[in-house]
Each structure stands twice: as structure tokens, then as C-alpha cells.
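Visitor: Here it is, the structure in full.
Residue numbers (the numbering used here): 363 to 520.
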């Protein structure tokens with residue numbers, strides 16, 4: 363497994379983002395995640411975007427973080443918001459998401475971020491299990507979906 367830092371608009375990132383959006387649509391029936399994001403959100407030192415490649419150099423997983431500070435959506439100063447964690451179906455269960463999560467946490471910590479936060483939904487039990495088993499705890503709702511009943515927010519001190 364090879365994890366590489368790439369731009370959010372890298373062709374492999376776009377391909378996997380399209381796949382995760384399709385999965386969100388299947389799970390929630392809403393066309394995917396509408397959270398506003400831009401490639402500039404993931405440019406160091408204010409963020410990072412990673413892709414995991416298998417031994418054949420095929421992209422199999424993604425994840426990123428972007429800086430957030432106190433805002434009207436419930437973030438606090440020093441937050442690093444986790445975005446677009448995704449593993450292709452055929453690579454699930456191999457620990458890839460956990461490796462990407464750890465790499466993102468380390469990167470955000472090195473950039474001076476104080477807390478990793480994330481928003482997921484109640485129809486993603488695998489994601490919730492990954493995060494809670496990695497030390498994330500429920501926190502006050504924040505972000506684009508903070509007013510949705512299905513939204514679940516978690517945080518972990520870095």
C-alpha cells in the first residue's frame with residue numbers, strides 16, 4: 363500500500379470522489395454530500411488530501427482534512443475537519459481507512475491543528491465504528507449538515 367499526498371482535483375481524487383458521492387446517494391437518496399469544498403481547502407499547511415494506491419498502482423482509498431476555525435457552523439479555533447474518507451468496496455476490511463486516518467491525524471497535528479472533527483451520517487455504521495474505535499467521541503454538531511437529524515459529529519483531540 364502506498365499513500366500519497368495529491369491535490370483534491372487530481373484525476374484519481376475526482377474519480378474516487380465521484381464514487382463516494384454515488385454511495386452517499388444510495389445510502390441517503392439525496393444526490394451526495396453538498397458540503398461546499400474547494401481544492402484550495404486541502405493545500406498544506408491548511409489541509410491535506412491523501413490517496414492510497416494498491417500494489418498495482420490503482421487508487422483504492424481517499425481522505426483529507428481542512429483547517430477550520432471558529433465560525434457560524436459550530437467549529438472552534440484549531441479544528442481540522444476530516445473529509446471524504448472512502449475505500450473502494452473491493453479493498454474494504456483491509457485496514458486502509460485506519461491507515462489513512464492515522465496519517466491525516468499526524469499531518470493535522472504537525473500543522474498545529476488541535477482537534478480533528480468529522481461529520482458522518484447514521485446510515486454509515488462502518489464509518490462510525492472506525493471513528494469510535496479510533497478514539498473519536500460524539501461532539502456538538504457542526505458544519506453543513508448540523509441541523510439534520512441523521513447527522514452524527516465526532517471529535518478527537520490531536
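Backbone N, C-alpha and C fix where the C-beta goes; we use that ideal spot for every residue, glycine too.
Hey, is the region 435-446 in contact with the region 471-489, meaning 3+ C-beta pairs nearer than 8 Å?
Guide: The answer is yes - the region 471-489 touches the region 435-446, with three or more Cβ pairs under 8 Å.
Visitor: Keeping to the same chain, check which residues put their C-beta closer than 7 Å to that of residue 459; ignore five residues upstream and five downstream.
Guide: These residues qualify, in order along the chain: 423, 447, 449, 492.
Visitor: Considering only heavy atoms of the ligand HEM, does any lie closer than 7 Å to the CB of residue 468?
Guide: This structure lacks the ligand HEM; in fact it carries no ligand of any kind.
Visitor: Starting from the C-beta of residue 470, find all residues in its chain whose C-beta is less than 8 Å away, skip the five residues before and the five after it, and write them out in chain order.
Guide: Excluding residues within five positions, the ones whose Cβ falls inside 8 Å are 410, 427, 442, 478, 520.
Visitor: If you drop the 5 nearest sequence neighbours on each side, which residues of the same chain put their C-beta closer than 6 Å to that of residue 489?
Guide: Within the same chain, residue 489 has close Cβ partners 482.
Visitor: What does the Cβ neighbour count give for residue 377, buried or exposed, with the cut at 16 atoms within 10 Å?
Guide: By the 10 Å Cβ count, residue 377 comes out exposed.
Visitor: If I measure Cβ to Cβ from residue 461 and keep anything under 8 Å in the same chain, skipping five residues before and after, which residues do I get?
Guide: Cβ neighbours of residue 461 beyond the five flanking positions: 363, 365, 414.
Visitor: What's the C-alpha gap between residue 498 and residue 475?
Guide: Near 16 Å, if we compare the C-alpha coordinates of residue 475 and residue 498.
Visitor: Going by beta carbon distance, what residues of the same chain come within less than 6 Å of residue 430, once the five residues before and after it are set aside?
Guide: So the list reads 437, 441, 443, once near-sequence residues are dropped.
Visitor: Given this structure, state the Cα-to-Cα distance separating residue 406 from residue 452, to the nearest angstrom.
Guide: Going by the C-alpha atoms only, they are around 30 Å apart.
Visitor: Whole angstroms is fine: what's the gap from residue 371's alpha carbon to residue 484's?
Guide: C-alpha separation (whole angstroms): 28 Å.
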